[in-house]
Amino acid sequence: MRTIKYDIAIIGGGIIGLATAMTLARNHPDRRFVVLEKESEIAQHQTGHNSGVIHAGIYYAPGSQKAGFCYTGNLELRRYCDERGIDYEMCGKVIVATDESEVPRLHDLFARGKANGVDRLELIGRERLREIEPHAAGVKAIWSPETGIVDYRRVSQAYATDFGEMGGELRLNTRVEHVARRGNTIHIDTDTDSIAARGVINCAGLQADMIARDMGERLGLRIVPFRGEYFSLRPERERLVNGLIYPVPDPKLPFLGVHFTKRIDGSVEAGPNAVLSLKREGYDKTSFNVEDTLDIATHPGFWRMSMTHWMTGMKEQYRSMFKSSFVDSLQKLLPEVRPEDVWRPSAGVRAQAIDDNGGLLQDFRIVQGDRAVHVLNAPSPAATSSLPISRHIANIATSAFGL
Numbered sequence: 003m004r005t006i007k008y009d010i011a012i013i014g015g016g017i018i019g020l021a022t023a024m025t026l027a028r029n030h031p032d033r034r035f036v037v038l039e040k041e042s043e044i045a046q047h048q049t050g051h052n053s054g055v056i057h058a059g060i061y062y063a064p065g066s067q068k069a070g071f072c073y074t075g076n077l078e079l080r081r082y083c084d085e086r087g088i089d090y091e092m093c094g095k096v097i098v099a100t101d102e103s104e105v106p107r108l109h110d111l112f113a114r115g116k117a118n119g120v121d122r123l124e125l126i127g128r129e130r131l132r133e134i135e136p137h138a139a140g141v142k143a144i145w146s147p148e149t150g151i152v153d154y155r156r157v158s159q160a161y162a163t164d165f166g167e168m169g170g171e172l173r174l175n176t177r178v179e180h181v182a183r184r185g186n187t188i189h190i191d192t193d194t195d196s197i198a199a200r201g202v203i204n205c206a207g208l209q210a211d212m213i214a215r216d217m218g219e220r221l222g223l224r225i226v227p228f229r230g231e232y233f234s235l236r237p238e239r240e241r242l243v244n245g246l247i248y249p250v251p252d253p254k255l256p257f258l259g260v261h262f263t264k265r266i267d268g269s270v271e272a273g274p275n276a277v278l279s280l281k282r283e284g285y286d287k288t289s290f291n292v293e294d295t296l297d298i299a300t301h302p303g304f305w306r307m308s309m310t311h312w313m314t315g316m317k318e319q320y321r322s323m324f325k326s327s328f329v330d331s332l333q334k335l336l337p338e339v340r341p342e343d344v345w346r347p348s349a350g351v352r353a354q355a356i357d358d359n360g361g362l363l364q365d366f367r368i369v370q371g372d373r374a375v376h377v378l379n380a381p382s383p384a385a386t387s388s389l390p391i392s393r394h395i396a397n398i399a400t401s402a403f404g405l
């Protein structure tokens, strides 16, 4: 088997891997970089299945990486799209308190958003909510005009194009089978050949912890896949939604609850829930993989998490099984939605890191290893934050690998 030499190998052709590759190639034009992607196209998993929201940075704890990267990323992403001619729309978002019991949490979210530097954020009452989203029901809401929508597959393709024009190499249909250190070199065995590099950047998403464990890293966490199931509104009912309509989320969980999301093509998605997937890339309710299931079942942190959040898990599973329950949740935000208004189910899978104590990691987790950088938790708003995240990773790699 032939061995090809590069300075840095990036594993994973999602939006974070491609943004990082582009940033490194721009910063170090004299170095050789390669992105390894096992699929026949880029952005086939989390990037290609997300809801396409350009987040403003309201939800995240001040001082966290999510808070630090999100609004900066929002502004940079919009500038990048302007430069590349990529369509986006700043349609805005309302986060709606449907009854008085949710108002204190709504105020806490507003304070977070202001602390995180989100511009033009407003607390609004019923009348203003009706002006923005005439069909939404709520007693109070947050209005975020700095929230928008975009197609992240198009953004990813632009990153890949820029990377290629800077001399980088994108290798599709290249599955990583084993990664090992030999002295000061990382050797990556793929299903086609072997690669030698000074360092590796692990942006493998749903497989990232497995790559890290293969390299001998002691992580203290495991990635557990959660499937988020959506419906679409029928075209004749899309008029019920002008932009994005979200509930007030549970602060103990990293999931935002079922909501309505206008897409850049004009369609409207309703969802998602969050149910355990028994396959890391399991987009169907019947998806199952023995190795992935055993990996979940043998993680003590998963069982500790389940003991804490079992009631929430049961509700999410029930909502997955019965469309009527799913619609009930939607009707809290939009009472006019009927079961016959939602169709075309679809799903994405979120790579959620759970630590050994059962904690659902809320922040990004980007870890420097031995001649490696591992991106171990990069859920939403990672796509929004892809450019500042890529600089953060590139800075670590530049120092760690002596670029």
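Quick note on numbering: the numbering used here labels position 9 of the sequence shown as 11, and the sequence is numbered without any gaps. Glycine included, every Cβ here is placed at the ideal spot set by N, Cα and C. Being a predicted model, the structure only gives us computed values, none of them experimental.
For residue i, the nearest candidate out of the options (CA to CA)
i: residue 52; options: 8, 307, 404, 285; result: 285
i: residue 365; options: 71, 84, 30, 58; result: 71
i: residue 261; options: 68, 76, 96; result: 96
i: residue 16; options: 335, 404, 135, 49; result: 49
i: residue 184; options: 197, 18, 172; result: 197
i: residue 243; options: 213, 326, 131; result: 131
i: residue 358; options: 291, 57, 301, 118; result: 301
i: residue 267; options: 334, 101, 156, 125; result: 156
i: residue 257; options: 161, 326, 404, 351; result: 351
i: residue 173; options: 42, 102, 325; result: 42
i: residue 315; options: 255, 337, 282; result: 255
Rounded Cβ spacing between residue i and residue j (contact assumed at less than 8 Å)
i: residue 188; j: residue 178; result: That belief does not hold up - the Cβ atoms of residue 188 and residue 178 are roughly 11 Å apart, past 8 Å.
i: residue 341; j: residue 232; result: About 15 Å separates the two Cβ atoms, so there is no contact after all.
i: residue 399; j: residue 10; result: 6 Å
i: residue 234; j: residue 277; result: At roughly 19 Å, the Cβ-Cβ gap does not stay under 8 Å, so residue 234 and residue 277 are not in contact.
i: residue 392; j: residue 21; result: 4 Å
i: residue 211; j: residue 224; result: 6 Å
i: residue 151; j: residue 264; result: 6 Å
i: residue 282; j: residue 209; result: 7 Å
Whole-angstrom distance between residue j and residue i, CA atom to CA atom
i: residue 202; j: residue 141; result: 50 Å
i: residue 5; j: residue 164; result: 26 Å
i: residue 111; j: residue 61; result: 6 Å
i: residue 303; j: residue 222; result: 9 Å
i: residue 19; j: residue 175; result: 16 Å
i: residue 354; j: residue 206; result: 13 Å
i: residue 98; j: residue 138; result: 8 Å
i: residue 215; j: residue 275; result: 29 Å
i: residue 343; j: residue 402; result: 53 Å
i: residue 128; j: residue 113; result: 20 Å
i: residue 388; j: residue 339; result: 34 Å
i: residue 253; j: residue 259; result: 11 Å
i: residue 396; j: residue 104; result: 41 Å
i: residue 220; j: residue 295; result: 21 Å
i: residue 122; j: residue 367; result: 29 Å
i: residue 59; j: residue 67; result: 11 Å
i: residue 247; j: residue 323; result: 23 Å
i: residue 335; j: residue 194; result: 51 Å
i: residue 394; j: residue 168; result: 20 Å
i: residue 75; j: residue 119; result: 12 Å
i: residue 305; j: residue 319; result: 17 Å
i: residue 292; j: residue 159; result: 33 Å
i: residue 171; j: residue 37; result: 6 Å
i: residue 148; j: residue 349; result: 26 Å
i: residue 84; j: residue 405; result: 31 Å
Exposure label - residue i; buried when at least 16 CB within 10 Å
i: residue 145; result: buried
i: residue 227; result: buried
i: residue 307; result: buried
i: residue 204; result: buried
i: residue 40; result: buried
i: residue 250; result: buried
i: residue 73; result: buried
i: residue 186; result: exposed
i: residue 218; result: exposed
i: residue 370; result: exposed
i: residue 290; result: exposed
i: residue 65; result: exposed
Segment limits, beta strand (DSSP E) that includes residue i
i: residue 124; result: 124-127
i: residue 300; result: Counting along the chain, residue 300 falls outside any beta strand (DSSP E), and DSSP gives it neither H nor E.
i: residue 38; result: 35-38
i: residue 196; result: 196-204
i: residue 375; result: 374-379
Range of the contiguous alpha helix (DSSP H) that encloses residue i
i: residue 73; result: 67-86
i: residue 226; result: No alpha helix (DSSP H) contains residue 226, which is instead part of the beta strand (DSSP E) from 223-235.
i: residue 32; result: Premise fails: residue 32 is in no alpha helix (DSSP H) and is neither H nor E.
i: residue 330; result: 325-335
i: residue 395; result: 388-402
i: residue 347; result: Careful: residue 347 lies outside any alpha helix (DSSP H), inside the beta strand (DSSP E) at 344-357.
i: residue 409; result: Nothing in the structure corresponds to residue 409, since the chain is present only between 3 and 405.
i: residue 9; result: Premise fails: residue 9 lies in the beta strand (DSSP E), 5-13, not in any alpha helix (DSSP H).
i: residue 248; result: Per DSSP, residue 248 belongs to no alpha helix (DSSP H); it is in the beta strand (DSSP E), 246-249.
i: residue 157; result: 154-167
i: residue 211; result: 210-216
Residue i CB to nearest heavy atom of the ligand NAP below 7 Å
i: residue 367; result: Because no ligand of any kind appears in the structure shown, any question about the ligand NAP cannot be addressed here.
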